[in-house]
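Start counting the sequence shown at 35; every next residue gets the next number (our numbering).
In this text, a Cβ means the ideal position worked out from N, Cα and C, and glycines have one as well.
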Amino acid sequence: MANMSGNTDGIPEELRAKVDKHLEPFTLSLEKLKDISIRFKDEMKKGLGKTTHHKACVKMLPTFVRATPDGTEKGDFLALDLGGTNFRVLHVQVKEQKVVKMDSQSCAIPQEIMVGPGKQLFDHIAACLSKFLDTQNLKGKTLPLGFTFSFPCEQKEIDKSILIRWTKGFNCSGVEGKDVVKLLKMAIQRRGDFNIDSVAMVNDTVGTMMSCGYPDSNCEIGMIIGTGTNACYMEDIKNVQRVVGEDGQMCINTEWGGFGDDNALNDILTEIDFEVDRTSINPGVHTFEKMISGMYLGDIVCLMLKKLAEEKLLFKGQVSDALRTPGKFETKFLSDIEKPRSGLENAKRILNSLDLKWDLTDLHVVQLVCDTISKRSADLCAACLATLANRIRTNRGLEKLKTTVGVDGTVYRKHPNFSTKLEERVKELAPQCEISFLISEDGSGKGAAMVTAVAQRLARQSRLLDSDDDGDNS
Ligand code: BGC
35 MANMSGNTDG IPEELRAKVD KHLEPFTLSL EKLKDISIRF KDEMKKGLGK TTHHKACVKM
95 LPTFVRATPD GTEKGDFLAL DLGGTNFRVL HVQVKEQKVV KMDSQSCAIP QEIMVGPGKQ
155 LFDHIAACLS KFLDTQNLKG KTLPLGFTFS FPCEQKEIDK SILIRWTKGF NCSGVEGKDV
215 VKLLKMAIQR RGDFNIDSVA MVNDTVGTMM SCGYPDSNCE IGMIIGTGTN ACYMEDIKNV
275 QRVVGEDGQM CINTEWGGFG DDNALNDILT EIDFEVDRTS INPGVHTFEK MISGMYLGDI
335 VCLMLKKLAE EKLLFKGQVS DALRTPGKFE TKFLSDIEKP RSGLENAKRI LNSLDLKWDL
395 TDLHVVQLVC DTISKRSADL CAACLATLAN RIRTNRGLEK LKTTVGVDGT VYRKHPNFST
455 KLEERVKELA PQCEISFLIS EDGSGKGAAM VTAVAQRLAR QSRLLDSDDD GDNS
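This is how it looks when you write it as structure tokens:
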């Protein structure tokens, strides 16, 4: 196995060969990634098809976002952001081709609410919103609201969004199969101390893409690699067989986290992946996400370290209680351990905190493990991202495509070389696409306001067109 980050030297050859054997299943060749990209292309087709979509693991959900910003959007909006590590309420203004965040407030969602009754969750959201409106002196105003809800939803319209399933750490009862907008409005009515105007439901990938749309009008893909992972892109409506219409485009939320739920990726799943799935809150679903995202990377590394220790290839065969406890090896440890200069020092500190006795060779092995697991994550994202870019290119009959990906998420942002690994691989997998990456600044918050603003602009334009038609007829 190649030494990928250059910081994994210092392992005696014989030991290295033994460790490599365990890491081998996590190393994906370019050929394998090309093959995965082809499988993903077929899954996308299935998700878009009229008769096949209900069986598809990659759901390809219509978002009813039909346009990216054109610069004429304006107004005052509220935004909610639920689905990452925090819940936030924002007051956002869109004006003169800028999205200005006026103010925001984070609210913790206690663990018991994350897995409790849905009613309690929505009451909590409405209470946070009410408190925020008080502090902003906005209670008397009825503002439109963009709701970034980062879970797979079957959207019937921009303001009707049925939760398909919870992912990440959420599992509130009585919400799956229900319209999230209705549940929010009911919670607001129960309080009776404020009101909201129209609601636009937004996936975080879509918010991310839209928030990058002003600085870069080529931005037609949104991608998140954080607690969870997912991507959206602009598709020709004529290919979205579930939506009526022939002209124009619509943003599709791929929900690529579900790729492999039909066993299509079983050849690359390892024993450790099966164990992560088995012990997760939602076994059997979001297979792809569980190999990639921040919610799981720490546990994957932890299980690998435990296995190597049990094989007496690490820590002189000693396994601490911390290493046996899921969640103790945090995903941010991968970033700390892989840092070019401070990585070894960070590794010492982290292993001490996990009650492990290490020597210098152990530190290098731990670095190698982290590097291999994060590289696999970047490679898998690259394979699917390349598929999306190639799809846009072929949809347009182009030899070459220049496009921008709006991206967000703690793994992409905070890991020292994840983005480089990903970008290098995408170049190899989609050589006919020139892809730029733009980190979204608060896409979930500002993007939600932008989606709401674009929806209002399109509604305004359509009202104007209708009144023109009336004029012609009279
Ligand atoms: C959800 C997606 C979301 C992604 C990133 C996944 O678990 O299913 O809807 O976009 O996480 O937050």
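Checklist entry - Using the rule of at least 16 other Cβ atoms within 10 Å of the residue's Cβ for burial, across every protein chain shown, is serine 496 buried or exposed? => result exposed
Checklist entry - What's the gap between the Cα of lysine 93 and the Cα of methionine 78? => result 8 angstroms
Checklist entry - Going by the CB atoms, is the gap between isoleucine 255 and methionine 243 shorter than 9 angstroms? => result yes
Next on the checklist: For the segment 431 to 449 against the segment 360 to 375, do three or more pairs of beta-carbon atoms, one drawn from each stretch, fall closer than 8 angstroms, so that the two count as touching?
Outcome noted: yes
Checklist entry - In terms of alpha-carbon separation, which member of Gly247, Ser245, Trp290, Glu48 lies closest to threonine 263? => result Trp290
Checklist entry - When you compare each of Gly440, Lys455, Arg494 to serine 543 by their alpha carbons, which one comes out closest? => result Outside the shown range of the chain (35 to 508) lies residue 543, about which nothing can therefore be said.
Checklist entry - Hey, aspartate 296 and serine 232 are a contact pair by Cβ (cut 8 angstroms); roughly how many whole angstroms apart? => result With 8 angstroms as the limit, aspartate 296 and serine 232 do not qualify as a contact, their Cβ atoms being about 37 angstroms apart.
Next on the checklist: Let's test the definition: count the other Cβ atoms within 10 Å of the Cβ of lysine 89 and tell me whether it reaches 16, buried, or not, exposed.
Outcome noted: exposed
Checklist entry - What is the rounded straight-line gap between the Cα of glycine 109 and the Cα of alanine 487? => result 7 angstroms
Next on the checklist: Does the beta-carbon of serine 327, which I'm using as the reference point, lie nearer than 8 angstroms to any heavy atom of ligand 1?
Outcome noted: yes
Checklist entry - Which full runs of the beta strand (DSSP E) of 3+ residues lie inside the segment 382 to 444, going along the chain? => result 435 to 442
Checklist entry - According to DSSP, which residues form a beta bridge with phenylalanine 181? => result Leu114, Met235
Checklist entry - With valine 214 and cysteine 246 assumed to form a contact (beta carbons below 8 angstroms), what rounded beta-carbon distance in angstroms separates them? => result Going by Cβ atoms, the distance from valine 214 to cysteine 246 rounds to 25 angstroms, so no, they are not a contact pair.
Next on the checklist: Taking 8 angstroms as the cut-off, is the C-beta of phenylalanine 181 nearer than that to any heavy atom in ligand 1?
Outcome noted: no
Next on the checklist: Per the DSSP calculation, histidine 6 is bridged to which residue(s)?
Outcome noted: In the structure as shown, the chain begins at 35 and stops at 508. Residue 6 is therefore absent and cannot be evaluated.
Checklist entry - Mind checking whether the beta-carbon of threonine 261 lies closer than 8 angstroms to any heavy atom of ligand 1? => result yes
Checklist entry - Which parts of the segment 292 to 365 are runs of the alpha helix (DSSP H), unbroken and 4 residues or longer, counting only runs that do not cross its ends? => result 305 to 312, 321 to 326, 328 to 344
Checklist entry - Is the closest heavy atom of ligand 1 to the C-beta of isoleucine 255 under 8 angstroms? => result no
Checklist entry - Is it right to say glutamine 223 is buried, meaning 16 or more other beta carbons lie within 10 angstroms of its own, or is it exposed? => result exposed
Item to check | Whole-angstrom distance between glutamine 352 and lysine 346, CA atom to CA atom | outcome: 8 angstroms
Item to check | Three-state secondary structure (DSSP) of threonine 169 | outcome: helix
Item to check | Three-state secondary structure assigned by DSSP to methionine 6 | outcome: With the chain represented from 35 up to 508, any question about residue 6 goes unanswered, as that position is not in the structure.
Item to check | C-beta contact flag for asparagine 120 and isoleucine 143 at 9 angstroms | outcome: yes
Next on the checklist: Quick check: is any heavy atom of ligand 1 less than 8 angstroms from the C-beta of phenylalanine 185?
Outcome noted: yes
Checklist entry - So does the segment 121 to 138 actually touch the segment 466 to 484, counting three or more Cβ pairs closer than 8 angstroms? => result yes
Checklist entry - Which two residues bound the contiguous alpha helix (DSSP H) that contains phenylalanine 471? => result Note, phenylalanine 471: premise wrong, no alpha helix (DSSP H); beta strand (DSSP E) at 467 to 473.
Item to check | Helix, strand or coil at glycine 377 according to DSSP, with G and I counted as helix | outcome: helix
Checklist entry - If you check the beta carbons only, do aspartate 442 and aspartate 389 fall under 9 angstroms apart? => result no
Checklist entry - Does leucine 422 have its Cβ less than 9 angstroms from a Cβ in chain B? => result Chain labels in this structure do not include chain B; a single protein chain is all it has.
Next on the checklist: Between which residues of its own chain and lysine 52 is the CB-CB distance below 7 angstroms, once the five residues before and five after are set aside?
Outcome noted: Leu347
Checklist entry - Nearest-angstrom Cα distance between isoleucine 315 and glycine 117? => result 15 angstroms
Checklist entry - For the beta strand (DSSP E) that aspartate 270 lies in, which residues bound it at each end? => result 263 to 270
Item to check | Endpoints, alpha helix (DSSP H) assigned at glutamine 223 | outcome: 214 to 225
Next on the checklist: For a test of the three-state rule: what should DSSP assign to lysine 202, helix, strand or coil?
Outcome noted: coil
Checklist entry - So what does DSSP say about glutamate 188, is it helix, strand or coil? => result strand
Checklist entry - Quick one: Cα of leucine 339 to Cα of leucine 385, how far? => result 11 angstroms
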